[in-house]
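Number of protein chains: 2
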Amino acid sequence: MGAEEAQTEKLIKEKAKNLFFKNGFLNATTQEIADEAGINRALIHYYFRSREQMLDTILDETILEKKEKIRSILLSTGNFRDKMAMYIHTIVDHGLTYPYLENFIISETARHPEKLKLICSRDKLKSSDLIREQLQEEIAAGRLAPITAEHFMINLSALCNYPLLAKGVLQTIHGMTDAAYRKFLVERKRVIYRTVFNEEMPEFPAKEELQKRRA
Amino acid sequence: MGAEEAQTEKLIKEKAKNLFFKNGFLNATTQEIADEAGINRALIHYYFRSREQMLDTILDETILEKKEKIRSILLSTGNFRDKMAMYIHTIVDHGLTYPYLENFIISETARHPEKLKLICSRDKLKSSDLIREQLQEEIAAGRLAPITAEHFMINLSALCNYPLLAKGVLQTIHGMTDAAYRKFLVERKRVIYRTVFNEEMPEFPAKEELQKRRA
DNA sequence: TTTGCGTTTAACAAAATTGTTAAACAAAAT
DNA sequence: ATTTTGTTTAACAATTTTGTTAAACGCAAA
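These protein sequence lines map, in sequence, to chains A and B.
Numbering of the first sequence is given in this note's numbering, commencing with residue 699 and proceeding in unit increments.
Numbering of the second sequence is given in this note's numbering, commencing with residue 699 and proceeding in unit increments.
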């Protein structure tokens, strides 16, 4: 053993994440997950006790991962616009991996509001709180039209997340292949920045810088 | 019967729509729907043959209703910005009734892509096609920063729909009651207009005008 | 009244999904 | 070699969910 210790458990989580967050199969059965991972269905119960508990685990992990990325950007030193550019990059790139994550959160928590409360109660500061001060500076300096931190943050979330959420719909309407969709998302980074700030996105953050952050 | 002819069928559809599109119970069972409508489960099969077919019916109806509203606005005569203001009003107001509709579409069609193709194939023109000409005029006249019709329309969709999609999440994070959420959505109409056009939203469309359109 | 028709129901059947258990298996420790 | 420990499996049981059917009901027309 040793080497394979948590191997299978990891494999199951990985494949489940793919089904739910990458392919948007919101109602994947334990059997389908087992098939995807090439293992027996009972194994899922061996490692996670129940389907429910496995779901909670992978959801928790994935949300935490994304939230950590966001926090580290919003809490970093640096000027406001660069931070926001970084935010856009990070969210959109994350969405390239897990386009349906937000969608999953939304429907999962519609059914189990207590889970959402638990998730939210863990971080004391909302992301809008983390940008409020710098945002107000920007506005005071006349570099940005007046807007509350909440609306600003929701604008940004909306512009970044919606194209991910609606992946299937957008691809079908505009007849995009997967490659075309990826290209479209990359374009969108600039569009989002322009829409929010009404000016071109600076080249920073450089790709190497992004790589570092992502690691 | 006569009077009660399609009474029950309508009731079932109504209640199902509430469960799915208003409350976000994406996996509501036929039993839950029956309970909600205060009728026997078998009735649902009597009227719709199967759960699947009932789902298709109410989804079709609701999408069509929303698309008709959008089309009538985009195809109406009138200047570009007023149309867009009307669009924002309409989408957000529709979302007050059915916040989880988009969410439902997304996850339903992730599982059954052929349904999405069917829905999309019915209208030959995408909404981005309907605004392209006027949008380009605005840009040519220097009243709007250059942007493709696709990105513009997706920006608008994102800003309008995301706060609806994420209703539960937003309410929980910001501790909003239902009343507070409604107020927030109304505020957002102006925010969206400002974000897209970088200027205040005109008072038009007047409330009466909106009422007429909605009817 | 009773006949007929659409509606509604309860009871049953079938299928799908989840959860459990005991036994087989493999690799490391004794 | 055999015992131990953790892993994997197949077979079974329980539950949930969907779909079917035959009979009861109520109202309108004959």
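Ideal Cβ positions, reconstructed from N, Cα and C, are used throughout, including at glycine.
With at least 16 other beta carbons inside 10 angstroms of its own, Gly866 (chain A) counts as buried. One finds Lys824, Ser826 and Glu848 in chain A with Cβ atoms closer than 9 Å to the Cβ of His872 (chain B), taken in chain order. When only Cα atoms are considered, Asn738 (chain B) and Tyr745 (chain B) end up about 12 Å apart. Take the alpha-carbon of Asp827 (chain B) and the one of Ser748 (chain B): they are about 37 Å apart. Sequence-distant partners of Pro861 (chain A) (beyond 5 residues in either direction) whose C-beta falls short of 7 Å from its own C-beta, in its chain, are Leu868, Leu883 and Arg886. Residue-level contact by beta carbon holds for Val889 (chain A) and chain B, with a gap shorter than 8 Å. Residue nearest to Asn853 (chain A) within the set B:Val889, B:Glu812 and B:Leu753 is B:Val889 (criterion: CA-CA distance). Restricting attention to B:Ser774, B:Glu763 and B:Phe778, the CA atom closest to the CA of Leu799 (chain B) is found in B:Glu763.
Put simply, the CB of Phe746 (chain A) is far from chain B, with every gap to its CB atoms at 8 Å or more.
Remark: fewer than three beta-carbon pairs, one from each stretch, lie closer than 8 Å, so the stretch 770 to 786 of chain B and the stretch 770 to 777 of chain A are not flagged as touching. Judged by beta-carbon spacing, Lys713 (chain A) lies within the 8 Å limit of Ile731 (chain A), meaning their Cβ atoms are closer than that value.
Shown here, Leu842 (chain B) sits in coil according to DSSP, grouped into three states, outside any helix or strand. Shown here, Arg747 (chain A) sits in coil according to DSSP, grouped into three states, outside any helix or strand. Shown here for Leu863 (chain A): same chain residues with a beta carbon closer than 7 Å to its own, the five before and five after excluded, namely Glu800 and Asn801 in chain order. The criterion of a C-beta distance shorter than 8 Å is satisfied by Cys818 (chain B) and Thr870 (chain A).
Arg739 (chain B) does not reach chain A, its nearest Cβ partner there being about 20 Å away, counting only Cβ pairs nearer than 7 Å. Counting the other Cβ atoms within 10 Å of the Cβ of Thr875 (chain A) gives fewer than 16, which makes it exposed.
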